[in-house]
Each structure stands twice: as C-alpha cells, then as structure tokens.
Amino acid sequence: MSAGFSEMDATESKSQPRPFSIKLWPPSQNTRQMLVVRVTDNLTTKSIFTQKYGSLSKEEAEENAKKIEDGAFSTANEHYEKEPDGDGSSAVQLYAKECSKQILEVLKRGPSSKDDKEVLVSEEVSAPRDTVFDISKGARSFIEEKEAEETLEPLKEPGNSYTKICFSNRSFGLEAARVAEPILASIKNQLKEVDLSDFIAGRPEAEALEVMNIFSTALEGSILKSLNLSNNALGEKGVRAFGALLRSQSCLEELYLMNNGISEEAAEAVCELIPLTEKLRVLQFHNNMTGDKGALAISKVVKRSPLLEDFRCSSTRVGSEGGVALSEALDTCTHLKKLDLRDNMFGVEAGVALSKALSKYAGLTEVYLSYLNLEDEGAMAIARALKESAPSLEVLDIAGNDITAEAAPIVAACIAEKQHLTKLNLAENELKDEGAIQISKVLEEGHLQLKEVDMSINSIRRAGARVLARVVVQKPEFKFLNIDGNFISDEGIDEVKEMFEKFPDRLGSFDENDPEGGDDEEESGEGEGDEHELETKLEKLEVNKEE
Numbered sequence: 001m002s003a004g005f006s007e008m009d010a011t012e013s014k015s016q017p018r019p020f021s022i023k024l025w026p027p028s029q030n031t032r033q034m035l036v037v038r039v040t041d042n043l044t045t046k047s048i049f050t051q052k053y054g055s056l057s058k059e060e061a062e063e064n065a066k067k068i069e070d071g072a073f074s075t076a077n078e079h080y081e082k083e084p085d086g087d088g089s090s091a092v093q094l095y096a097k098e099c100s101k102q103i104l105e106v107l108k109r110g111p112s113s114k115d116d117k118e119v120l121v122s123e124e125v126s127a128p129r130d131t132v133f134d135i136s137k138g139a140r141s142f143i144e145e146k147e148a149e150e151t152l153e154p155l156k157e158p159g160n161s162y163t164k165i166c167f168s169n170r171s172f173g174l175e176a177a178r179v180a181e182p183i184l185a186s187i188k189n190q191l192k193e194v195d196l197s198d199f200i201a202g203r204p205e206a207e208a209l210e211v212m213n214i215f216s217t218a219l220e221g222s223i224l225k226s227l228n229l230s231n232n233a234l235g236e237k238g239v240r241a242f243g244a245l246l247r248s249q250s251c252l253e254e255l256y257l258m259n260n261g262i263s264e265e266a267a268e269a270v271c272e273l274i275p276l277t278e279k280l281r282v283l284q285f286h287n288n289m290t291g292d293k294g295a296l297a298i299s300k301v302v303k304r305s306p307l308l309e310d311f312r313c314s315s316t317r318v319g320s321e322g323g324v325a326l327s328e329a330l331d332t333c334t335h336l337k338k339l340d341l342r343d344n345m346f347g348v349e350a351g352v353a354l355s356k357a358l359s360k361y362a363g364l365t366e367v368y369l370s371y372l373n374l375e376d377e378g379a380m381a382i383a384r385a386l387k388e389s390a391p392s393l394e395v396l397d398i399a400g401n402d403i404t405a406e407a408a409p410i411v412a413a414c415i416a417e418k419q420h421l422t423k424l425n426l427a428e429n430e431l432k433d434e435g436a437i438q439i440s441k442v443l444e445e446g447h448l449q450l451k452e453v454d455m456s457i458n459s460i461r462r463a464g465a466r467v468l469a470r471v472v473v474q475k476p477e478f479k480f481l482n483i484d485g486n487f488i489s490d491e492g493i494d495e496v497k498e499m500f501e502k503f504p505d506r507l508g509s510f511d512e513n514d515p516e517g518g519d520d521e522e523e524s525g526e527g528e529g530d531e532h533e534l535e536t537k538l539e540k541l542e543v544n545k546e547e
C-alpha cells in the first residue's frame, strides 16, 4: 500500500551548490502536511483495503493521519540521526514504509466505535511514543531540579514500555541529575538504547563529572544495545566517570563517542573499560584528538569486534603509525559495510596496510578515505584491493589525496567494476584532463545508479570537463556534478552548461573556476589550441582492467 509519498524536498542551496551535500531529509513542513493529506485519502477513499476492512470518516481519518505521519517521522528521524553523513534517502524510504504499514494497521482495526472513539490509532501506530522517551527537541538549554521532576514524570509511570531514552540537547545540573538517578535505576532493566549526547554542556568540570558519575551508577547493569555519549567534553576523567556503566556492558551493538575530546589517555581508558565488544556492530569515533597512541588503543577495541559493520574514526589526528595499527585491526572485521577514516594523516604506508583489509570486505557499500595523504602509491593499492572486493560498493570517496593522472588507469579499472556506485568523490586531486577522461570512459558503461560526481579542483580543462559532463548527464538517476575550481575555458563552461540545459540544478557552480589557471600548458600539451586534439586522443584510451 502506498502512503502517497514519492519524493522529498531537497534543501540544497542553489546559490552555493555543494558537492555531496544534497539532503533529502528532513522533509519540509509543507511536504509533511501533504503526506498527512495523502494518508487521509488512503483511509477514506475506495481501495481494495477499504473495501476489505472498511473506511474511516474524514474526521477520524484526519486525526489518525496526523498521528501516523508524526510516528513515522520520529522513527525515520532517529534512523537518520545515526547516519548524519547520508543523503537521507534511507530515512525517506523508512518514512514512507512506516506510513504504509501504519495505514494498514488502522484500516485493519476499523472505524472507532462510540465507546472507544478516543482510541484513534492501533498500539503499533503509537509504538514510537510508547517506547521512546525523548526530551531533546527544542532549544538547547539547561535543565534544573524542578523541570527535571516534571519532565521525567512519564518515566515513573508503572508499566511504561520505554526502551529508549534520549536526554541529548539538555544540560543536566547536579540537582536535576539527582532527580533522574532513582528514576533511571528503576527502569534500567527495560532500557535497550541510551542517548546521553550533549547533556552536560556549559557545566563546570567538577559538576559535570559528578553528573556523569550519577548517571553511570544509575544505569550500571543495564543490558544496552546502543549507547551514545557523543558531544560531551569527556577527556579521560569523563570516560572514567562513566566507568561503572561501561564496565557492565557486554551486549553493546552500537557505541558513539564522537566529539568527546578523547586524547591518548582517554582512548586507553575506553579500551580498558569496555572489554567485551564481541557483539559490537557500530563504533563511531569522529572528531577527537586521539593521535597515533590513542589509535593504538582504539585498534585493540576494533580487533576484538569481529562483527563490526560500521566504523568511523574520522578527524582524529591519526598518523602513519596509528593508521597502520587501525588497518591491521580492521583486517579481522570482515563484515564491514561502512568505513569512514576521513581527515587523518595516514600517508602511503598506512594506505597500503589498509588495502590489505579492504580486500576482505565483500559486503562493503560505503568507503570514505578522503584527505589521508595517500598519494598515488596508496591510492593505487586501495583501488586494486577494492577492484577485487566490495561488488556492491555505492560510495567511493578518495578526495584530497594528491592522486595524479599516473594513478588514473588503476583507479578507473576499480570504478569500472563498481556498477552499483551512486557517489564518486575525487575532488582536490591532480587528475587533470587525462585522468578525468579515463575515469569518464569507464563510467560510460553501465553505472545506471550513479547520482553524484565530484571532480572539483583537479586542474581539469575544457577537454576533460566536456567528456565527463557528456557521460554523467545521460545517467538516469544522476543528480549533481561538481567540476568547480578547475581551469575550464569560458567556451568549455558554455558547452557543459548546454549539456545540462534541461537539468541546470544538477550542475554545480563555476564560481571558483579559473579559465586562465595552470602554468604547465607547454609541458602537458593541454593549451587551448590543442584541446580538441587532446580530447580526441584521450577519448580513444582504453582502460586495462587487468592492470
């Protein structure tokens, strides 16, 4: 059954198009209201389902529709918050799926009788409210004793079925924490997911540590599947303040420690306090100051997490030594589906070490390896490994790695095998026309799911831009091309824009393009007068898939 929902509003700014930032989630308020109308129609108009189960009155349908949409939105939004780097497409699908499922449940229940008119939706429809207690909505603010008593009152109701609590975005003071302590202790055995991200902001260190100790003690012994402690200034002291809770966890499947100020010592504390990670599927460790020594500690956690599917250790100041250690640990994680190591200082040696682990990932769908200083040698090693593995790869991000045209044949041969690719990010490299055209040529065959390509800042000229644009604009699912920051002539820009004439929103701006840029025309033979000859020559290049 369709909920009548097909496409979300994109929130991308047209004045400053950004690569890989087209967001399908969250939907606009107008889109949400339109969905309520369509759900109402599904509950009132003639269909095989209303013929079988009966339809609702318009008034009852409208009330149900609002609750259905709200519940579906909450469920999808929770899913999206766990994947903030995604484009929101999976959240959109879940949103529509939940609406459809709940419409059918309401129809199966049938119209309300006079006696139960207040019961407008089935238990399944209201399930998100019953099982999730979330106080994170609204403005970021402090929460003190009196407000805590009022806000947390629903958790004290006998027989409540809350399995997830989210206290994010509210900063707990000491008195508020003492209010929460007995309440959390009373429900800890039913909790499966706990989100305490950003819950001590603006508090003095001594008070924040005491608050963390209180929450840790109250929740000690709970059997959690998911724990989120992100966006708290933990450091080693904060990690140890959560020691009682962390030590008691043996069934964790998801652990989020992003933006926690985790240094080498704090990383070692994490390794020490969470000894049991056999069931861990998600470990996100973004934006910390871990460094090489800290990475050695985190690599121990990774090594004892054989079921890991989603590992993020981006922006953590990890260099070659730590990169090699993490890569060797990842060698045991053969179930990996998503890997994000962006913005570290791995270098060539760690890149080569990582390639050995990548060769074992049959189920990998997303890999983010931008800004790792891989250079040609590291990039080629990784491309060779991925060529033989990850048959369902959807996202390949290797931007900012000083990859030149010399590595292009190997990279292109890898891309040729990735027919499920939806996003390709090769920005801020040195591919030039030669590399851009070789990669464009392999994209010609198949790649019908391709949506986004970024080859900005690659010293590309008119020839490379023309070939790339001509290839991607023909892809049925294509959404966005970014080739800004290159050396494309004005004539070349006009030609590319003409190719995208019917789809101008799918082409990024040329604000940073420099038609006069580049000082190596004579050396490369890529001057304006030779561009047609260059394009003709390069278009005949064959990528050796066995290379």
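Numbering (UniProt numbering), first residue to last: 1 to 547. Glycine included, C-beta positions come from ideal geometry on N, C-alpha and C.
Following the DSSP letters along the chain, one finds residue 77 in no beta strand (DSSP E) but inside the alpha helix (DSSP H) bounded by residues 58-81.
Shown here for residue 403: same chain residues with a beta carbon closer than 8 Å to its own, the five before and five after excluded, namely 374, 375, 376, 379, 411, 426, 429, 430, 431, 435 in chain order. Excluding its 5 nearest sequence neighbours in each direction, residue 517 has C-beta neighbours in its own chain below 6 Å: 487, listed in chain order. Residue state for residue 187 is assigned as helix, using DSSP reduced to three classes.
With respect to the 8 Å criterion, residue 279 and residue 307 are classified as neighbours on the basis of their beta carbons. The C-alpha of residue 405 is placed about 20 Å away from the C-alpha of residue 472.
The DSSP-derived three-state label of residue 423 is strand. Residue 414 carries a helical assignment under DSSP once its states are collapsed to helix, strand and coil. No residue range can be given for residue 406, since it is assigned to no alpha helix (DSSP H) and is classified by DSSP as neither H nor E. Counting only runs of 4+ residues, the alpha helix (DSSP H) found wholly inside the segment 300-357 occupies 320-330, in chain order. Contact fails between the segment 156-166 and the segment 94-102, because fewer than three Cβ pairs, one in each stretch, are under 8 Å apart. Straight through space, the alpha carbons of residue 364 and residue 339 are spaced by roughly 8 Å. When secondary structure is reduced to three states using DSSP, residue 162 falls in the coil class, being assigned neither helix nor strand. Residue 318 sits away from residue 285, with the two beta carbons spaced by 8 Å or more. The DSSP-derived three-state label of residue 369 is coil. Contact between residue 44 and residue 55 holds, with the beta-carbon distance rounding to 5 Å and staying under 8 Å.
The C-alpha of residue 287 is placed about 15 Å away from the C-alpha of residue 236. Residue state for residue 172 is assigned as strand, using DSSP reduced to three classes.
Annotation: the continuous beta strand (DSSP E) that includes residue 255 extends over 254-256.
Nearest to residue 342 by C-alpha distance, out of 266, 97, 368, 324, is 368. Among the bridge pairs identified by DSSP, residue 133 is matched with 165.
Under the DSSP definition of a beta bridge, residue 193 partners with 164, 226. Take the alpha-carbon of residue 211 and the one of residue 173: they are about 7 Å apart. Taking 8 Å as the cut-off, the Cβ atoms of residue 417 and residue 462 do not count as close.
When rounded, the separation of the alpha-carbon atoms in residue 309 and residue 252 is 13 Å.
Take the alpha-carbon of residue 259 and the one of residue 168: they are about 14 Å apart. When the alpha-carbon of residue 266 is set against those of 277, 197, 241, 283, the nearest one is in 241. Considered as a whole, the segment 446-499 harbours 462-472, 490-499 as its complete alpha helix (DSSP H) runs of no fewer than 4 residues, in chain order. Between residue 171 and residue 142, the gap from beta carbon to beta carbon is short of 8 Å.
DSSP places residue 143 in the strand class (E or B) of the three-state scheme. Beta-bridge partners of residue 395 (DSSP): 366, 423.
Residue 351 sits buried, since 16 or more C-beta atoms from the chains shown fall within 10 Å of its C-beta.
Excluding residues up to 5 positions away in sequence, 446, 447 lie with their Cβ nearer than 7 Å to the Cβ of residue 419 in the same chain. For residue 331 against residue 356, the beta-carbon gap comes to about 6 Å, under 8 Å, which counts as contact. Contact check for residue 301 and residue 270: beta-carbon distance about 7 Å, within the 8 Å limit, so the pair qualifies. For residue 284, the enclosing beta strand (DSSP E) begins and ends at 282-284.
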